[in-house]
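Here's the structure, in structure tokens; my notes come after.
Numbering (my numbering), first residue to last: 5 to 561.
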């Protein structure tokens, strides 16, 4: 039986003789044209440690594809470093890169009529970009996560990249010595691999196990470890089998599978960015999924993992404790997982979990049973009110002050807010409003890890609120509300906030409210004028013109 269902269009027949001539230049033999063509979307890059260890994973995938009787075709995908671009204009390209990655993969796979694709990625937007492409293409595919970084260490304390961001605030507040500041800086990132807590990269990769599009245990392996290479090779073998069975992403990415993925995000305390990304993935897969579905899942799934940024442990600790399969098995036994969902292996998620213990090991305190959950409900809440009629996203578990009403401190760009924070002009009880940072206004909806970490470093993390139509890093914690929609650039109420206005953030009532009467808001709205676009050429201008609102995933296609 022939498995080159798609690639035969580019390799077979008299008219394709010139095509075959070019393949011969690549070392192909005559009998190779009857084999499936499998793309290896290689995100290797020395821009960032998140991607600097991907080449050997891609090499392992290439060898495994060959051994399985298919032809590997390697092509590159871009990345930027969220961590390195944070706090600069470069961060505006982060979410844009999600769309660029998806478009790159679609372009290569469709242009070359590939029969399947192995996507290898590391930094935050690599995962949703790759999965959007797989769902959009609906060509057999699998996601290979590059793996997590190992934790750094300084004076007996475990470190992550967030430690370095928070050190900025501590150092400028005089709460950290020069020696410790440099010690944290030089030791926070000791190896290759993506940021180590349950930040965005680990959140998305963990959820892909639950989604059924990545192999079990693969998301919590450390990038430098040999098991990560072995997992990449096994992923490629599984993908070739999926090509033979014609098992496609949309056979796997159903509404129930997305519910499984979001349930794991809630159970592990994952990133707010997952809301944006799963709206986009569902859109690509043509699955009916809205921002309100996250709230539905949150109310029934508890937090059962003690992971950074709000908890204690990192991904390598989770791996030793049983990994995502242990979390999945606990959720399955509690009736919180759809066990009949198909996975890329051709088996259901319940079948894949049959040998996983029902109870987490007693010698660890990373994963908890449901009856001892850290929080009875999930942490990613959808807030609404007159300040976010279409919704906003907040982390609400573990807050010492779940309700705050205070004066607005209004900033139309990130640097002005940073100057105020580091200049000690922000006080306990203030509510920072950073606006004109949404998908269109930013443009690109940049993350606000630098100012939120500076607030924490200043010792104000429990007493200052933070609202933005931009995004937050997966490493952010505290009273933070992002993804405010409608955004300021299109005239959302956040554009009408004035310095000193009273604002209420109420995590109990899921409320985000500007305490200004309707008549005054109407007066301000009538006087408001849309600012000129910040970019009129290039990829940021394209994104601003095409991006849908945050509550629709900020997708461009």
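Each residue gets a CB set at the ideal place from its N, CA and C atoms; glycine is no exception.
Terminal residues of the alpha helix (DSSP H) in which residue i lies
i           : result
residue 409 : First-last for residue 409: 407-415, but that is the beta strand (DSSP E), not the alpha helix (DSSP H).
residue 27  : 21-29
residue 210 : 204-215
residue 171 : 165-176
residue 66  : 59-71
residue 51  : First-last for residue 51: undefined, no H or E at that position.
residue 543 : 542-550
residue 308 : Here residue 308 belongs to no alpha helix (DSSP H), and DSSP marks it neither H nor E.
residue 113 : 98-115
residue 226 : First-last for residue 226: undefined, no H or E at that position.
residue 249 : 230-249
residue 360 : Note, residue 360: premise wrong, no alpha helix (DSSP H); not H, not E.
residue 134 : 130-141
residue 179 : Run containing residue 179: none; DSSP gives neither H nor E here.
Other residues of its chain near residue i: CB distance less than 6 Å, five sequence neighbours each side excluded
i           : result
residue 175 : 185
residue 395 : 295, 386, 388, 489, 555
residue 473 : 439, 441, 442, 488, 491, 492, 498
residue 138 : 145, 253
residue 53  : 193, 196
residue 40  : 7, 8, 74, 119, 247
residue 398 : 385, 387, 485
Sheet register partners of residue i (DSSP bridge)
i           : result
residue 79  : 45
residue 297 : The partner list for residue 297 (beta bridge, DSSP) is empty, contrary to what the question assumes.
residue 161 : 158
residue 120 : 42
residue 348 : The partner list for residue 348 (beta bridge, DSSP) is empty, contrary to what the question assumes.
residue 559 : Note: residue 559 sits in no beta bridge, so no partner.
residue 125 : 149
residue 198 : 152
residue 379 : 307
residue 371 : 309
Range covered by the beta strand (DSSP E) that runs through residue i
i           : result
residue 388 : 384-389
residue 286 : Counting along the chain, residue 286 falls outside any beta strand (DSSP E), though it belongs to the alpha helix (DSSP H) covering 277-289.
residue 157 : 156-158
residue 393 : 392-399
residue 3   : Missing from the structure shown is residue 3; the chain here goes from 5 to 561 and no further.
residue 318 : From DSSP, residue 318 is part of no beta strand (DSSP E); its letter is neither H nor E.
residue 438 : 435-438
Sequence-distant residues of its chain with Cβ nearer than 7 Å to residue i (five each side left out)
i           : result
residue 403 : 483, 511
residue 132 : 102, 208, 281, 284, 285
residue 292 : 259
residue 48  : 55, 58, 59, 62
residue 400 : 383, 385, 406, 511
residue 528 : 500
residue 381 : 302, 303, 306
residue 410 : 433, 434, 435, 469, 507
Beta-carbon contacts of residue i that lie in its chain and below 8 Å, excluding the five residues immediately before and after
i           : result
residue 268 : 210, 211, 213, 214, 274, 328, 331, 332, 335
residue 430 : 413, 424, 436, 459, 462, 464, 468
residue 89  : 95, 97, 98
residue 200 : 152, 153, 154, 155, 164, 165, 206, 312, 318, 319, 320
residue 550 : 560, 561
residue 65  : 44, 76, 122, 124, 148, 236, 237, 239, 240
Quick test of the definition: if touching needs 3 or more C-beta pairs under 8 Å, does the region 57-73 touch the region 21-37?
Taking 8 Å as the limit for Cβ pairs, the verdict is that the region 21-37 does not touch the region 57-73.
For the region 449-514, list the beta strand (DSSP E) runs that are entirely contained and at least 3 residues long, ordered along the chain.
For the region 449-514, the full-length beta strand (DSSP E) segments reaching 3 residues or more read 469-472, 484-489, 506-510 along the chain.
Is there contact between the region 199-211 and the region 489-498, where contact requires at least three CB pairs shorter than 8 Å?
Here the region 199-211 makes no contact with the region 489-498; the two share fewer than three CB pairs at distances below 8 Å.
Are the region 221-235 and the region 323-342 in contact at 8 Å, needing three or more beta carbon pairs?
These segments touch.
Touch test, the region 359-373 against the region 341-350, Cβ-Cβ under 8 Å, three pairs minimum
Here the region 359-373 does not lie against the region 341-350, with fewer than 3 beta-carbon pairs under 8 Å apart.
Given 8 Å, three or more beta-carbon pairs between the region 5-16 and the region 104-120:
By the Cβ criterion, the region 5-16 is in contact with the region 104-120, since at least three pairs of Cβ atoms, one from each stretch, lie closer than 8 Å.
State whether the region 94-110 contacts the region 257-266, with contact taken as three or more CB pairs (one from each stretch) at a distance under 8 Å.
At 8 Å Cβ cutoff, the stretches do not touch.
For the region 153-162 and the region 190-202, state whether three or more C-beta atom pairs, one from each stretch, are separated by less than 8 Å.
Yes: the two stretches touch, three or more of their Cβ pairs being nearer than 8 Å.
I want to know whether the region 460-469 touches the region 165-179 - three or more CB-CB distances under 8 Å.
Touching, yes, given that three or more Cβ pairs across the two stretches are closer than 8 Å.
Under 8 Å, with one C-beta from each stretch per pair, do the region 348-364 and the region 500-520 reach the 3-pair mark?
Flag = no, the region 348-364 and the region 500-520 do not touch.
Please determine if the region 241-250 and the region 161-168 are in contact, where contact requires at least 3 C-beta pairs separated by less than 8 Å.
No, the region 241-250 is not in contact with the region 161-168.
Let me know the beta strand (DSSP E) ranges lying completely inside the region 512-537, each 3 residues or longer, listed in chain order.
Runs of the beta strand (DSSP E) lying entirely within the region 512-537, each at least 3 residues long, are 515-518 in chain order.
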